[in-house]
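Residue numbers (the numbering used here): 0 to 189.
C-beta atoms are modelled at their ideal positions from N, C-alpha and C, and glycine is treated no differently.
See structure below.
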């Protein structure tokens, strides 16, 4: 589902946080995306990244993500470290309806533990609420992925329920912890 016309083009990438520039993915990002996402310690926590993961797969994904950005159904951003200019990971915001979005993210192993996922998730939640006027933002992770659910909690999300999702990349069903934050919670916190 794409955004209603009234919500389209209310923001212009790149977006910025203290440590990151969030910009649309470019085909030239494919080698770095393949390098980072091809690491089993990154891919194993995701539903959609197959393993092994090569440059052709990364190029195909980026081309697809660019089409999704154009249709405004999903927004994919490269997480670029401001100090080094390195692509550190990817974050997305999927429009699940006119008033709900879902974020998903991964950060390459060399860049983990630096607060990048927290900053990027906070930017996506603000984008969803402020620019896209969504009522609710959700995210899901495996229950044993403590760094990911800690990011969600840091961003004001709370555990909602355990859900099952099919992984095309792994060809199996995963149990995931679903977290959510409502717009009123973040508005009250500011």
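When you compare only the Cα positions, how much space is there between residue i and residue j?
| i | j | result |
| --- | --- | --- |
| residue 71 | residue 15 | 20 Å |
| residue 160 | residue 143 | 15 Å |
| residue 99 | residue 151 | 16 Å |
| residue 165 | residue 47 | 10 Å |
| residue 125 | residue 145 | 23 Å |
| residue 5 | residue 97 | For residue 5, the predicted model reports a pLDDT of 42, less than 50, meaning its position is unreliable; a value from the coordinates is still stated below. Near 11 Å, if we compare the C-alpha coordinates of residue 97 and residue 5. |
| residue 153 | residue 103 | 15 Å |
| residue 75 | residue 67 | 8 Å |
| residue 27 | residue 92 | 22 Å |
| residue 149 | residue 54 | 31 Å |
| residue 181 | residue 52 | 35 Å |
| residue 128 | residue 58 | 31 Å |
| residue 3 | residue 112 | Here residue 3 scores only 48 on pLDDT, less than 50, and its place in the model should not be relied on; the value that follows carries that caveat. C-alpha separation (whole angstroms): 37 Å. |
| residue 172 | residue 82 | 39 Å |
Within the same chain, show all residues whose beta-carbon is closer than 7 Å to that of residue i, passing over the 5 residues directly before and after it, in chain order.
| i | result |
| --- | --- |
| residue 13 | 20, 21, 22 |
| residue 262 | The first residue shown for the chain is 0 and the last is 189, placing residue 262 beyond what the model contains. |
| residue 31 | 86 |
| residue 167 | 47 |
| residue 162 | 139, 175, 177 |
Buried or exposed for residue i, please, with buried defined as at least 16 other CB atoms from any protein chain shown within 10 angstroms of its CB.
| i | result |
| --- | --- |
| residue 84 | exposed |
| residue 176 | buried |
| residue 183 | exposed |
| residue 45 | buried |
| residue 110 | buried |
| residue 158 | exposed |
Residues in its own chain within less than 8 Å of residue i by CB, not counting five upstream and five downstream?
| i | result |
| --- | --- |
| residue 56 | 33, 49 |
| residue 41 | 35, 48, 105, 106, 107, 108 |
Smallest Cα separation from residue i: which of the options?
| i | options | result |
| --- | --- | --- |
| residue 138 | 58, 129, 179 | 179 |
| residue 29 | 77, 108, 128 | 77 |
| residue 69 | 148, 112, 171, 24 | 24 |
| residue 43 | 181, 174, 169 | 169 |
| residue 105 | 156, 75, 40, 88 | 88 |
| residue 80 | 41, 18, 112 | 18 |
| residue 156 | 112, 73, 58, 120 | 120 |
| residue 73 | 58, 82, 90 | 90 |
Excluding the 5 residues flanking residue i on each side, which residues of the same chain have their C-beta closer than 6 Å to its C-beta?
| i | result |
| --- | --- |
| residue 147 | 140 |
Could you tell me whether the region 132-139 touches the region 28-36, where touching means 3 or more Cβ pairs closer than 8 Å?
Judged by Cβ distances under 8 Å, the region 132-139 makes no contact with the region 28-36, as fewer than three pairs qualify.
Taking three-plus beta-carbon pairs below 8 Å as touching, is the region 110-129 in contact with the region 49-64?
Output reads no: the region 49-64 does not touch the region 110-129.
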